[in-house]
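A.B. asks:
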Amino acid sequence: MSTPAHQKTKLKKKSEAVVKMLEAGKISNKQLVFLIISILLSTTSIFLPSAIYQEVKQDAWMVIILVVLVTAAAAFVLALLGNRFQDSTIIQYSTKILGIPLGKVVGLLYIIYFIYINAIIFREFMDMITTSYMPETPSLVVCISLFIAVAYLVRSGIEVLSRVSEITIPVILLLLVVVIMMVLPEVKISNFKPVMETGLLEITKSIYVPLAFFLEIVTMLMLVPYVNKPAQVKRTFILGVVISGLFLLLIMFAVIGVFGNLVGSMNFSTLRVIKYIKLFNLIERVEPVIMLMWVYGISIKIAVFFYCSVLALAQWLNLREYKALVLPTGVIIITLSFIMWDSSMQLKTHVKTIAPFFIVVEIAIPAFLLGVSALRGIKGVRK
Amino acid sequence: MKRFKKLVKNITNKYTKANNKKLNNKGDKPGRKLFNDLDRNMDTAKDKLGRSMDLVVREFKVGHTRGALLCINGLVNKSIIDNHILETLMVHSREVEPNPVGDGKKLLQFIKNNTIAALQYEETHLLDDVLTKVLLGYTALYIDGLDSAVLINTIGFEMRAIEEPQTEAVVRGPREGFTENLQLNISMLRRKIRSPELRLESKTLGRFTGTPVCIAYIDGIVNEKIVEEVRERLQQVDIDGILESGYIEDFIEDAPYSIFPTVGNTEKPDVLAAKLLEGRVGILVDGTPMVLTVPYVFIETIQSSEDYYARWASGIVMRMLRILGILITTQLPALYVATISYNPEVMPTILVITVAASREGIPLPATAEMLILGLIFEILREAGIRQPRPVGQAVSIVGALVIGEAAMKSGLVSSPAVMVTVLTGIASFVAPAQGNVYVHVRLFLLFVSAVTGFLGFFIGNLVLLTHLVSLRSFGVPYMSPLGPSNYKGWKDVYLRVPMWAMIDRPGVINWKKQQRVNKNVNPGPPKNEIKKEK
Chain A
1 MSTPAHQKTK LKKKSEAVVK MLEAGKISNK QLVFLIISIL LSTTSIFLPS AIYQEVKQDA
61 WMVIILVVLV TAAAAFVLAL LGNRFQDSTI IQYSTKILGI PLGKVVGLLY IIYFIYINAI
121 IFREFMDMIT TSYMPETPSL VVCISLFIAV AYLVRSGIEV LSRVSEITIP VILLLLVVVI
181 MMVLPEVKIS NFKPVMETGL LEITKSIYVP LAFFLEIVTM LMLVPYVNKP AQVKRTFILG
241 VVISGLFLLL IMFAVIGVFG NLVGSMNFST LRVIKYIKLF NLIERVEPVI MLMWVYGISI
301 KIAVFFYCSV LALAQWLNLR EYKALVLPTG VIIITLSFIM WDSSMQLKTH VKTIAPFFIV
361 VEIAIPAFLL GVSALRGIKG VRK
Chain S
1001 MKRFKKLVKN ITNKYTKANN KKLNNKGDKP GRKLFNDLDR NMDTAKDKLG RSMDLVVREF
1061 KVGHTRGALL CINGLVNKSI IDNHILETLM VHSREVEPNP VGDGKKLLQF IKNNTIAALQ
1121 YEETHLLDDV LTKVLLGYTA LYIDGLDSAV LINTIGFEMR AIEEPQTEAV VRGPREGFTE
1181 NLQLNISMLR RKIRSPELRL ESKTLGRFTG TPVCIAYIDG IVNEKIVEEV RERLQQVDID
1241 GILESGYIED FIEDAPYSIF PTVGNTEKPD VLAAKLLEGR VGILVDGTPM VLTVPYVFIE
1301 TIQSSEDYYA RWASGIVMRM LRILGILITT QLPALYVATI SYNPEVMPTI LVITVAASRE
1361 GIPLPATAEM LILGLIFEIL REAGIRQPRP VGQAVSIVGA LVIGEAAMKS GLVSSPAVMV
1421 TVLTGIASFV APAQGNVYVH VRLFLLFVSA VTGFLGFFIG NLVLLTHLVS LRSFGVPYMS
1481 PLGPSNYKGW KDVYLRVPMW AMIDRPGVIN WKKQQRVNKN VNPGPPKNEI KKEK
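Taken in order, these protein sequences are the chains called A and S. Quick note on numbering: my numbering labels position 53 of the first sequence as 53, and the sequence is numbered without any gaps. Quick note on numbering: my numbering labels position 337 of the second sequence as 1337, and the sequence is numbered without any gaps.
1) Is the distance from the Cβ of N1343 (chain S) to the Cβ of P288 (chain A) below 8 Å?
2) Counting only beta-carbon separations shorter than 8 Å, does V179 (chain A) have a partner in chain S?
3) Comparing the C-beta of Y133 (chain A) with each C-beta of chain S, is any distance below 8 Å?
4) Any chance the segment 83-101 of chain A sits against the segment 262-272 of chain A, with 3 or more Cβ pairs inside 8 Å?
5) Would you report the Cα separation of L1146 (chain S) and V1476 (chain S), rounded to the nearest angstrom?
6) For K30 (chain A), decide whether its Cβ has a neighbour in chain S, counting only Cβ atoms nearer than 8 Å.
7) Assuming L213 (chain A) and T353 (chain A) make a contact with CB atoms under 8 Å, what is their CB distance in whole Å?
8) At least one CB of chain A closer than 8 Å to the CB of S1258 (chain S): is that the case?
9) Applying the criterion that 16 or more other CB atoms from any shown protein chain within 10 Å of the CB defines a buried residue, is S1079 (chain S) buried or exposed?
10) Out of A:L211, A:V310, A:I189, A:L176, which has the shortest C-alpha to C-alpha gap to V361 (chain A)?
11) Looking at chain A, is there any beta carbon in it that lies within less than 8 Å of the beta carbon of G1507 (chain S)?
12) Which residues bound the beta strand (DSSP E) around L1284 (chain S)?
13) Establish whether the CB of Y1296 (chain S) and some CB of chain A are separated by less than 8 Å.
14) Of all Cβ atoms in chain A, is any one closer than 8 Å to the Cβ of S1449 (chain S)?
15) Report yes or no: is there a C-beta of chain A within less than 8 Å of the C-beta of E1345 (chain S)?
16) Between the Cα of M1188 (chain S) and the Cα atoms of S:I1162, S:G1206, S:I1283, S:T1301, which residue gives the shortest distance?
17) Check for me: the alpha helix (DSSP H) holding G1246 (chain S) runs from which residue to which?
18) Please list the partners that T254 (chain A) has in chain S, where partner means a Cβ-to-Cβ separation under 9 Å.
19) Going straight from the alpha carbon of S190 (chain A) to that of K57 (chain A), what length do you get?
20) Just the C-alpha distance for T1167 (chain S) and S1245 (chain S), rounded to the nearest angstrom, thanks.
21) Given that a residue counts as buried once 16 or more other Cβ atoms are within 10 Å of its Cβ, and exposed if not, what is T71 (chain A)?
22) Measuring straight from C-alpha to C-alpha, what distance separates N83 (chain A) and R320 (chain A)?
23) Return the chain-ordered list of same chain residues with a C-beta closer than 6 Å to the C-beta of L1205 (chain S), the five sequence neighbours on each side being excluded.
24) Leaving out the 5 sequence neighbours to the left and right, which residues in its chain are closer than 6 Å to T236 (chain A) when beta-carbon positions are compared?
25) Within 10 angstroms of its Cβ, does E1369 (chain S) collect 16 or more other Cβ (buried), or is it exposed?
26) In angstroms with no decimal places, state the Cα-to-Cα distance between P1416 (chain S) and T1262 (chain S).
27) Taking a cut of 7 Å between CB atoms, which residues from the segment 283-304 of chain A lie near chain S?
28) Tell me the DSSP secondary structure of Y1142 (chain S) in three-state form.
29) First and last residue of the beta strand (DSSP E) that includes T1204 (chain S)?
30) If we count Cβ pairs, one from each stretch, closer than 8 Å, do we get three or more for the segment 115-131 of chain A versus the segment 252-262 of chain A?
31) Where does K1532 (chain S) fall in DSSP's three states?
32) Short of 8 Å Cβ to Cβ, which residues in the segment 129-153 of chain A face chain S?
33) Quick one, are the C-beta atoms of P1174 (chain S) and D1054 (chain S) less than 8 Å apart?
34) By the DSSP assignment, the alpha helix (DSSP H) with V1171 (chain S) in it spans what residues?
35) What does the Cβ neighbour count give for L1446 (chain S), buried or exposed, with the cut at 16 atoms within 10 Å?
36) Determine whether the Cβ of I167 (chain A) lies closer than 8 Å to any Cβ atom of chain S.
The structure is reproduced here in structure tokens:
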């Protein structure tokens, strides 16, 4: 079974060369935190509040705390895997760990996962824009204009992508805090009572949909080899999760505090909250601010998933360049986002049913890979 | 197809090779030597210079030997030649040494040692040397019977005095600006940085103009890689003439197709000195007061020398205003169009009613209104700049009246649109260095917001940001220290902290960590201050 030594080195060299050729950029751990916040916060902040509220009413904030704790633990496991293979992505080391046929299957699974999630986000974004802001604009226009920006971002490489996130995400977080401060006068504490009405069991049961969203952090396993200090990735992952969790908690607090029982029946409850802002008869209806936050947050999130899917595809097919894949992959994603669901309600229920599968891809497979690699004693090159 | 490509490659290869050969030959050729005979020498020199009307040849006698001076009228300082060369050669040498001084060589030695009362001279045997130096303003001294000439530095011509530059006016700070003369500019820089570490490297560019160019940097602060890169890029400049530093800028830019400049320029010695002290490299070009500085990052657009000369508090105010100005000049028209045509509900109710009332009966859509008014403003601005000052003022006043009063009263444009345009135009003067760049940005954003409202506006901004972030200037990311972020560098971005708090040089430009301020100095009254007892 053992391959000759010289062939082994040759193989190693080849894989390293592929990494170098595909993406020469380097990003800092700080930038990775911002990327994590962008993928964890931008969609969850729109969709999770009402989704969780429907399940557990006013105890929704507890669910988020629970989810953050579980995700932090999962992120730790993912970081261990990333740490073990600091020079390659999950697509590359899955073949190393499981052998060519099985490893390729796992790789394909991840490619499908990235594209699938991307299609979901595209659709969510379109629905939000067309229902809340521009009811007369065809969704295709929204979709394509977003796609142009995102494709440009992806083609510019991971360095540019992370720099953009580094500039925009802090502004978004700041705006979020300001907006929520403005809503504070409307918050009624009575909306949070009674505490634990549904019971701990219900709370634990309802965590899997938000968990599926939060475990999207698995995407970062595609970016670990491009990080400056891969050894510190554990801290980076957990920091990102905790920060996004805190902000989501803040949003949840505002939404429940303002609306109480109404949250369950709303589509975009966070958006509605913003409409409550009214200061000095001058600052009112600041929805464009929220739109700004989401356009930027979601663009970056889509770009990250898009980037990961093309990079994964290029690595899976052993290509020398990923830029040529941007347009075809984009066409597939946009088409999927149009044909898969008839309405946003269908999308919602669909996400609920598919969430367990996502969780398998997001944590079960990486944990399995980590276990097998530990048993077989396979390690990547440490930097 | 492949064959065709190969053919093209071959041809281009051949061409470039041949070209290189030609250039090399020109450089390597030893050139024609001078003759022994004065008359032949004079004739060839005159022929070579095409018997130009400004060529001056003065023949005279040193003792008993014939000699001649060759120079170009207008490039030389006549009083030096009259008093320190001609007089000493013709009169003094005879007084000191009444008898003839042996043969030509001894005579030349004597002249060099005893009679030429000028600081700088050199001897040459080559005609090419003589011609190039004479064209620079040197005077060539020929002695009959010698195959050599003495080139004496007599450069001196009329030039503009040092004045306050028009482009970077300040309330507080030095008023002097660079001139068109490279030597003077360099001396002005030297007077700012009196350190032996200031390095000035000379280069000549332009096949016909032979323009002297100088690379300036401070050894020990600058990143050597950047200097090396500057040298390499300047080496590649091959053009017939360089009349302004802009010619060079076009050749050494990182992003030639981008609308954003990746090479900075300044007209003031103090600004150049500050940039060199931060680790940048300056490129001084003869014939223009504009000095190039690299690497250039976006943040330099909002930095002005006065931020640092004024107290930090007012420095911060100025900087905030500049940021606001840039935001207004790029975003406001697009924001106006997106609001009016797509989501008017974002405005407060009273404002919506007011705006709607003033737009009543206006024949144009908001986008067209913005475009036309913007165009008129730009035309007025351009007309005002190129006209003589009194005329320019008249143009501005008439134009402003026409737009502001007549167009509005006649109901062609609405008053909010005029306000937006005027505010946009005025705000573009806040950061004058890139005033024209913002026209592109404004038009782009206006276009996307006209098509898809707020969504297009945000996405357009995202595309712009992506572009900005992807740029580099001599290896330095264009948007640093914002992205990639360097929070220490933020001391000099949105804010301007006091000088004693800006401890390190900007880490963006030189990767080495370098302190520029003594960390332990904190201004304030001394701790053991003696208090006056009442």
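Note that CB positions come from ideal geometry on N, CA and C, so glycine has one too. From a predicted model like this one, the values you see are computed outputs, not experimental measurements.
C.D. replies: Straight from the coordinates:
1) Indexing the second sequence from 1 puts residue 1343 (chain S) at position 343. Indexing the first sequence from 1 puts residue 288 (chain A) at position 288. Closer than 8 Å, so yes.
2) For the purposes of this step, residue 179 (chain A) is taken as residue 179 along the first sequence, with counting starting at 1. Output row for V179 (chain A): interface = no.
3) The residue you call residue 133 (chain A) lines up with position 133 of the first sequence. True, the Cβ-Cβ gap to chain S drops below 8 Å.
4) With contact defined as three or more Cβ pairs closer than 8 Å, the segment 83-101 of chain A and the segment 262-272 of chain A are not in contact.
5) Your numbering for residue 1146 (chain S) matches position 146 in the second sequence. Your numbering for residue 1476 (chain S) matches position 476 in the second sequence. For L1146 (chain S) and V1476 (chain S), the distance between alpha carbons rounds to 56 Å.
6) Numbered from its first residue, the first sequence carries residue 30 (chain A) at position 30. Under the 8 Å criterion on CB atoms, K30 (chain A) is classed as interfacial with respect to chain S.
7) Here residue 213 (chain A) corresponds to residue number 213 of the first sequence, with the count starting at 1. Here residue 353 (chain A) corresponds to residue number 353 of the first sequence, with the count starting at 1. Residue 213 (chain A) is actually Phe in this sequence, not Leu. Between T353 (chain A) and F213 (chain A) the Cβ distance is about 15 Å, and since that is not below 8 Å, they are no contact.
8) Your numbering for residue 1258 (chain S) matches position 258 in the second sequence. Nearest CB-CB separation between S1258 (chain S) and chain A: not below the 8 Å threshold.
9) For the purposes of this step, residue 1079 (chain S) is taken as the residue at position 79 of the second sequence. The residue in question, S1079 (chain S), is exposed, as its Cβ has fewer than 16 Cβ neighbours within 10 Å.
10) Here residue 361 (chain A) corresponds to residue number 361 of the first sequence, with the count starting at 1. Per the Cα distances, A:L211.
11) Stepping through the second sequence from its first residue, residue 1507 (chain S) is reached at position 507. Taking Cβ atoms only, chain A never reaches closer than 8 Å to G1507 (chain S), which makes this a no.
12) Here residue 1284 (chain S) is taken as the residue at index 284 of the second sequence, counted from 1. Note, L1284 (chain S): beta strand (DSSP E), 1281-1285.
13) Here residue 1296 (chain S) refers to the residue found at position 296 of the second sequence. Judged by the 8 Å Cβ criterion, Y1296 (chain S) is not in contact with chain A.
14) Here residue 1449 (chain S) refers to the residue found at position 449 of the second sequence. So, not an interface residue.
15) Against the second sequence, residue 1345 (chain S) aligns to sequence position 345. Contact of E1345 (chain S) with chain A is assigned, a C-beta pair being separated by under 8 Å.
16) Looking up residue 1188 (chain S) in the second sequence gives position 188. Among S:I1162, S:G1206, S:I1283, S:T1301, the Cα nearest to that of M1188 (chain S) is on S:I1162.
17) As a working mapping, residue 1246 (chain S) is identified with position 246 in the second sequence. Element bounds for G1246 (chain S): 1245-1252.
18) The residue given as residue 254 (chain A) occupies position 254 in the first sequence. As written in the sequence, residue 254 (chain A) is Ala, which differs from the Thr given in the question. Result: empty, since nearest Cβ-Cβ is about 20 Å, beyond 9 Å.
19) Reading the first sequence from its first residue, position 190 is the one you call residue 190 (chain A). Reading the first sequence from its first residue, position 57 is the one you call residue 57 (chain A). Approximately 13 Å between the Cα atoms of the pair.
20) Walking along the second sequence from the start, residue 1167 (chain S) turns up at place 167. Walking along the second sequence from the start, residue 1245 (chain S) turns up at place 245. Between T1167 (chain S) and S1245 (chain S), the alpha-carbon positions lie close to 16 Å from each other.
21) Position 71 of the first sequence holds residue 71 (chain A). By the neighbour-count rule (16 or more Cβ atoms within 10 Å), T71 (chain A) is buried.
22) For the purposes of this step, residue 83 (chain A) is taken as residue 83 along the first sequence, with counting starting at 1. For the purposes of this step, residue 320 (chain A) is taken as residue 320 along the first sequence, with counting starting at 1. One C-alpha to the other measures close to 25 Å.
23) One-based indexing of the second sequence puts residue 1205 (chain S) at position 205. Apart from sequence neighbours up to five positions away, the residues of its chain that approach L1205 (chain S) with a beta-carbon distance below 6 Å are T1211, V1213, V1237, I1242, ordered along the chain.
24) Stepping through the first sequence from its first residue, residue 236 (chain A) is reached at position 236. Closer than 6 Å at the Cβ level, and outside the excluded window around T236 (chain A), lie N29, L32, V33.
25) Within the second sequence, numbered from 1, the residue matching residue 1369 (chain S) stands at position 369. So E1369 (chain S) ends up on the buried side.
26) Here residue 1416 (chain S) refers to the residue found at position 416 when the second sequence is read from its first residue. Here residue 1262 (chain S) refers to the residue found at position 262 when the second sequence is read from its first residue. Between P1416 (chain S) and T1262 (chain S), the C-alpha separation is close to 36 Å.
27) Cβ contacts with chain S come from E284, R285, E287, P288, M291, L292, V295, Y296, S299.
28) Working through the second sequence from its first residue, we reach residue 1142 (chain S) at position 142. Strand, per DSSP.
29) Here residue 1204 (chain S) refers to the residue found at position 204 of the second sequence. Its beta strand (DSSP E) spans residues 1198-1205.
30) Touching, no.
31) Along the second sequence, one-based indexing puts residue 1532 (chain S) at 532. Here K1532 (chain S) sits in coil by DSSP.
32) Cβ contacts with chain S: I129, Y133, M134, T137, V141, V142, S145, L146, I148, A149, Y152, L153.
33) Start at 1 with the first residue of the second sequence, and residue 1174 (chain S) comes out as number 174. Start at 1 with the first residue of the second sequence, and residue 1054 (chain S) comes out as number 54. Not closer than 8 Å, so no.
34) By one-based count along the second sequence, residue 1171 (chain S) stands at place 171. Following the DSSP letters along the chain, one finds V1171 (chain S) in no alpha helix (DSSP H), marked with neither H nor E.
35) The residue you call residue 1446 (chain S) lines up with position 446 of the second sequence. A residue is called buried when at least 16 other Cβ atoms come within 10 angstroms of its Cβ; L1446 (chain S) meets this threshold and is buried.
36) Reading the first sequence from its first residue, position 167 is the one you call residue 167 (chain A). Closer than 8 Å to some Cβ of chain S, the Cβ of I167 (chain A) qualifies, so yes.
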